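Participant:
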Amino acid sequence: IGQVFVNGLTLSKLENKLFKLLTKVYSSLSPINGNPTTFLDVSLGALALRPVRIFVLGEINQPGAYAVRPSTSLYSSMYYFKGPTIDGSLREIKLIRKGKEISNVDFYNYLLEGKTLGDSKLHKDDIVFIPRRGKTVTLSGEIMRPAIYELKDEEGLNDLIEIAGGVLPTTFMS
């Protein structure tokens, strides 16, 4: 079949391309009448899964380059560099690719609801930027999850109570 160029193809596109080319040579791969007697399976070995280099900047303990798995997303990258410092934001994590902001995620969606809104797979030389945290409120007392919370500019007291899981049944509301 000659030389086959596969650079940049996904695994499924590679398999389709090879299947089309090989059916021209091997009639038993896709016979006109009957079941195939020759089969094609494409898989990648460990060498094909080289790490992807990303850069992490801003409010983290160890800014710099990190080697991550090719399947790593913006959310899962947080585990490589152990998230932001105490001064870093969890509400405005930015993914920058070739000088353009690709995604801006609120990690609270993941922590509080398990949702990965705005998540993106990381590419070579992507930048994950953790800015300084915004306004911060310490919440204690008759609340489900007393903690320190970061609020976005447009959020108020009702949003804060919702983020904290609501009030306890014993809370006196006046």
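One gets this note's numbering by counting positions in the sequence shown from 1 and adding 1 to each. Cβ coordinates follow ideal geometry from the N, Cα and C atoms, glycine included. Quick caveat, the model's predicted, so the values are computed rather than measured.
Identify the continuous beta strand (DSSP E) that holds Tyr67 and give its terminal residues.
Facilitator: Residue mapping note: residue 67 aligns to position 66 of the sequence shown, counting from 1. Element bounds for Tyr67: Gly65 to Val69.
Participant: Relative to the C-alpha of Pro52, which residue among Ala66, Leu169, Val43 and Thr11 is closest?
Facilitator: Within the sequence shown, the letter at position 51 stands for residue 52. Checked all of Ala66, Leu169, Val43 and Thr11; the closest Cα to Pro52 is Ala66.
Participant: Which same chain residues, not among the five before or five after Met145, have their C-beta less than 8 Å away from its C-beta?
Facilitator: Residue mapping note: residue 145 aligns to position 144 of the sequence shown, counting from 1. Ala165, Gly166, Gly167, Val168 and Leu169.
Participant: Nearest to Ala68 by alpha carbon, out of Ile55, Leu123 and Tyr76?
Facilitator: Here residue 68 refers to the residue found at position 67 of the sequence shown. Of the candidates Ile55, Leu123 and Tyr76, the one whose C-alpha sits nearest the C-alpha of Ala68 is Ile55.
Participant: Cα-Cα, which of Asp88, Ser44, Arg92 and Lys18 is closest to Glu60?
Facilitator: Within the sequence shown, numbered from 1, the residue matching residue 60 stands at position 59. Among Asp88, Ser44, Arg92 and Lys18, the Cα nearest to that of Glu60 is on Asp88.
Participant: Taking 8 Å as the threshold (C-beta atoms), are Glu151 and Leu91 in contact?
Facilitator: Within the sequence shown, the letter at position 90 stands for residue 91. Within the sequence shown, the letter at position 150 stands for residue 151. In this structure, Glu151 lies closer than 8 Å to Leu91 by Cβ.
Participant: Are Gly119 and Asn105 close, meaning C-beta to C-beta below 8 Å?
Facilitator: Position 118 of the sequence shown holds residue 119. Position 104 of the sequence shown holds residue 105. Their beta carbons are under 8 Å apart, which means Gly119 touches Asn105 by this criterion.
Participant: Tell me whether Tyr111 sits in a helix, a strand or coil according to DSSP, three-state version.
Facilitator: On the sequence shown, residue 111 is found 110 positions in, with the first residue counted as 1. Tyr111 falls in the helix class under three-state DSSP.
Participant: Tell me the rounded alpha-carbon separation between Leu12 and Thr73.
Facilitator: Reading the sequence shown from its first residue, position 11 is the one you call residue 12. Reading the sequence shown from its first residue, position 72 is the one you call residue 73. Computed Cα separation, rounded: 17 Å.
Participant: Taking DSSP as the reference, what is the three-state secondary structure of Glu163?
Facilitator: Stepping through the sequence shown from its first residue, residue 163 is reached at position 162. The answer is helix: DSSP assigns Glu163 an H, G or I state.
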